[in-house]
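K.L.:
See below:
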């Protein structure tokens, strides 16, 4: 399963104390494939430094670069489907990677539910957890 993870989800899932830490664990267990662009990776790093520390950010980014189920996608066309330019990088990555889902809690992405083409599936963390369980059965 191909997934793009919005930064807000990643940041909330990184701490072992987080109720959403299972996302990071499932990534490490190779339950799904994570698709990124260089631009997404830079945003992850920037926000992780702000929320945690340089060391945490550096170690997590280094892990992403070597995990066998993390893929870097080249975006050749910018759709500009959302009003927030920062969010468009996740949409463009999902389209380029033909991702199954974007996991986000950002309400700005809800606009994508109304667009028939290109079809992009947006899920909340709780929905993704149910999807993972369904895929495992």
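Residue numbers (my numbering): 157 to 293. Even glycine gets a Cβ: it sits at the ideal position worked out from N, Cα and C. Because the structure is a prediction, the values reported are computed rather than measured.
Hey, how far is the Cα of residue 219 from the Cα of residue 271?
P.N.:
Answer to the nearest angstrom: the Cα atoms are 34 Å apart.
K.L.:
Which residues bound the alpha helix (DSSP H) around residue 210?
P.N.:
Counting along the chain, the alpha helix (DSSP H) containing residue 210 begins and ends at 210 to 222.
K.L.:
Under 7 Å between the Cβ atoms of residue 215 and residue 186?
P.N.:
Not in contact: residue 215 and residue 186 (Cβ atoms no closer than 7 Å).
K.L.:
Give me the DSSP bridge partner(s) of residue 227.
P.N.:
Residue 227 pairs with 191.
K.L.:
With distances taken from CA atoms, which of 222, 217, 255, 241 is nearest residue 229?
P.N.:
The option with the nearest alpha carbon to residue 229 is 255.
K.L.:
Measure the C-alpha to C-alpha separation of residue 158 and residue 195 and round it to an integer number of angstroms.
P.N.:
Residue 158 and residue 195: Cα-Cα distance of roughly 18 Å.
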